[in-house]
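Q: Residue numbers (UniProt numbering): 1 to 417. We put the beta carbon where it would ideally sit given N, CA and C, even for glycine. Since the model is a prediction, treat every value here as computed from it, not as a measurement. Structure in C-alpha cells, see below.
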C-alpha cells in the first residue's frame, strides 16, 4: 500500500495543477484558513486503516474551508480484484446526492415565479389530483389534502419507495414497476396511481418525491431534466463529469460497486460495464440518477458555501438558499410526533437538504445529504466549511463513516468562527 500511496501523491499533484488551470481549485495550507495539517493527516491515517483491513476497497475525502481546498485524499482501489488504483478523477454512483442538485434546479424556477411552494402539484401535473390515502387494514380513502410542491421538497408528500412498514402499499409499489418506465412522464403517471402512505403534509417519509420534482422541472421549464441541469447548473459550475448517462470514453473511470458478503468480505455488486449508468437512457431520475466525481461535487458545495454563486456565476439567490436550508418540518410536527432521527442523524429537513441534529462543531444550520452506497456531504455555513466523502459500498452504515468523518474534520479546526 506504500507504493500505492506514492502513486496517489503524484496523481493528486497533477490533478491539483489541472484544477488550478481549469477551475481555480487551489490547494492551500490548512493553517492559512484555520485548520491543522497534522490533524488532517491523522484523519487520513484513521480512514486509510478501514481500507487496509479490507472493509473498503477505496475512499476519497475532501475538505473546503473559506472557499479553499485544504484537503483532498484518495486511497485504495477503484477495482480491488484487478488492483486498479482509485484516482482523483474516479467517477462514483452518487445516487441520492442527485436530490440536492435537482432541488436547486426546481428552486431556480421558483425564483423565476413559475410556482409557489404551497401550490398543489396537480396544478402542474394533473395526474396527482384526487389521490388516495391508506386508511388501515388494506383500505383506502380519498386524500383530504393535496400534495403541495413543498411536500415534495421536504418529503412530506406521502410518496415512498415501497420499502416502509406498510406491506400492503409496498406490494403495490412492487407490482407497479415504476422504475421500468421510458421517461419521467410515464414514471410519474404510474406513481400517481398508487395510494399515499399518509395524508400529505402530516408526516415524513423518504421516497420518490424528488423524482417528481425532476418532472416538475421538465414541465415548468419545457426542457428534459438532463438538458436543464446541463444548461443551468452543471455547465456553469464546470461539473463536466456529472451525468445521467456516462459517455463511453469515461466508463473506465467508473469505480466498481461493492457489497459486504456473508463472510464479511467485499464482494463485487456491480462492474462498470454492467452498470445502468453506462446504458442509454431517457429516464432521468432526479432522486438518484447521477454519477459524479469528487471535483464536481466540490464545485456544487463551493457554490452553496458562497451563497449560491461561484466564480461570478449566480445559481441561486442567497435568500433562496437560506429558505432551502432551514427546517421546514415544524408544521408537520403539529400533526405527528416525528422520530428523533429521520435518517442520517438529522432532526429536520429543508427543501432538498437534511438539517443535521448534531455536528461536532456544535453549530446549528449544518445541512447536506448522502447517497445509497455511502457518498456523503455536509455544509457548515458558520464555519465556512464543506466536506465530502466518496465510497461505493452497501451496506455502508456499519462503518459509521457518516459519524466518524465529520468528527475528524471538526477536530482539525484550529480557529472556530
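What residues are listed by DSSP as bridge partners for residue 232?
A: Looking at the DSSP assignment, residue 232 forms no beta bridge with any residue, so it has no partner.
Q: Can you give me the start and stop residues for the beta strand (DSSP E) that residue 93 sits inside?
A: Its beta strand (DSSP E) spans residues 91–93.
Q: Let's see if you can read the secondary structure: which residues bound the alpha helix (DSSP H) around residue 105?
A: Segment 98–111, the alpha helix (DSSP H) holding residue 105.
Q: Jot down the residue ranges of each uninterrupted alpha helix (DSSP H) in the region 124–202, minimum 4 residues, whole runs only, in chain order.
A: Counting whole runs of 4 or more residues, the region 124–202 contains the alpha helix (DSSP H) stretches 149–154, 167–176, 184–192.
Q: Indicate whether residue 196 and residue 158 have their beta-carbon atoms separated by less than 8 Å.
A: Their beta carbons are under 8 Å apart, which means residue 196 touches residue 158 by this criterion.
Q: Reducing DSSP to helix, strand and coil, say where residue 402 ends up.
A: Three-state result, residue 402: helix.
Q: Do residue 332 and residue 201 count as a contact pair if the criterion is CB distance below 8 Å?
A: Taking 8 Å as the Cβ cut-off, residue 201 and residue 332 qualify as a contacting pair.
Q: Would you check if the region 244–251 and the region 181–194 touch, i.e. whether three or more CB-CB distances between them fall below 8 Å?
A: Because the criterion of three Cβ pairs below 8 Å is not met, the region 181–194 and the region 244–251 do not touch.
Q: Thinking C-alpha only, which one of 414, 350, 46 is nearest residue 204?
A: Checked all of 414, 350, 46; the closest Cα to residue 204 is 350.
Q: Taking the beta carbon of residue 154 as the centre, do at least 16 other beta carbons fall within 10 Å, making it buried, or is it exposed?
A: Residue 154 comes out buried.
Q: Mind checking residue 352: buried by the 16 CB within 10 Å criterion, or exposed?
A: By the 10 Å Cβ count, residue 352 comes out buried.
Q: Under 8 Å between the Cβ atoms of residue 125 and residue 215?
A: Yes, they are a contact pair.
Q: Report the option in 175, 369, 225, 272 whose CA atom is closest to the CA atom of residue 283.
A: Ranking 175, 369, 225, 272 by Cα distance to residue 283 puts 225 first.
Q: What's the call for residue 71, buried or exposed, on a 16-neighbour Cβ count within 10 Å?
A: That one is buried.
Q: Starting from residue 303 and walking both ways along the alpha helix (DSSP H), at which residues does that stretch end?
A: Residues 294–305.
Q: Would you tell me roughly how many angstroms separate the C-alpha atoms of residue 139 and residue 336, rounded to the nearest one?
A: Rounded to whole angstroms, residue 139 to residue 336 spans 21 Å at the Cα level.
Q: Could you pull out every residue in the same chain whose Cβ sits closer than 6 Å to the Cβ of residue 66, ignoring the five residues on either side in sequence?
A: For residue 66, where only same-chain residues beyond five positions count, the Cβ hits under 6 Å are 33, 384.
Q: Which residues bound the alpha helix (DSSP H) around residue 286?
A: From DSSP, residue 286 is part of no alpha helix (DSSP H); its letter is neither H nor E.
Q: Is residue 420 helix, strand or coil by DSSP?
A: No information on residue 420 is available, as it lies outside the stretch 1 to 417 that the chain covers here.
Q: Quick check on DSSP: helix, strand or coil for residue 375?
A: Three-state result, residue 375: coil.
Q: Three-state secondary structure (DSSP) at residue 318?
A: Of the three classes helix, strand and coil, the one that applies to residue 318 here is helix, per DSSP.
Q: Thinking just about the alpha-carbon of each residue, which of 84, 118, 327, 199 is nearest to the one in residue 132?
A: For residue 132, the nearest C-alpha among the options comes from 199.
Q: Report the option in 151, 381, 61, 99 whose CA atom is closest to the CA atom of residue 116.
A: Checked all of 151, 381, 61, 99; the closest Cα to residue 116 is 151.
Q: According to DSSP, residue 268 sits in a beta bridge with which residue or residues?
A: According to DSSP, residue 268 bridges with 258.
Q: Give every residue of the same chain whose Cβ lies closer than 6 Å to the Cβ of residue 288, excluding the five residues on either side of it in the sequence, and list them in chain order.
A: Only 95, 96, 98 meet the Cβ criterion.
Q: Name the one or two DSSP bridge partners that residue 79 has.
A: Answer by DSSP bridge pairing, in chain order: 84.
Q: Which residue or residues does DSSP assign as beta-bridge partners of residue 60?
A: In DSSP, residue 60 forms a bridge with 74, 390.
Q: For a cutoff of 8 Å on Cβ pairs, would you count residue 198 as touching chain D?
A: Looking at the structure shown, chain D is missing, and only one protein chain is on hand.
Q: Hey, residue 147 and residue 119 are a contact pair by Cβ (cut 8 Å); roughly how many whole angstroms apart?
A: Not confirmed; about 10 Å, so no contact.
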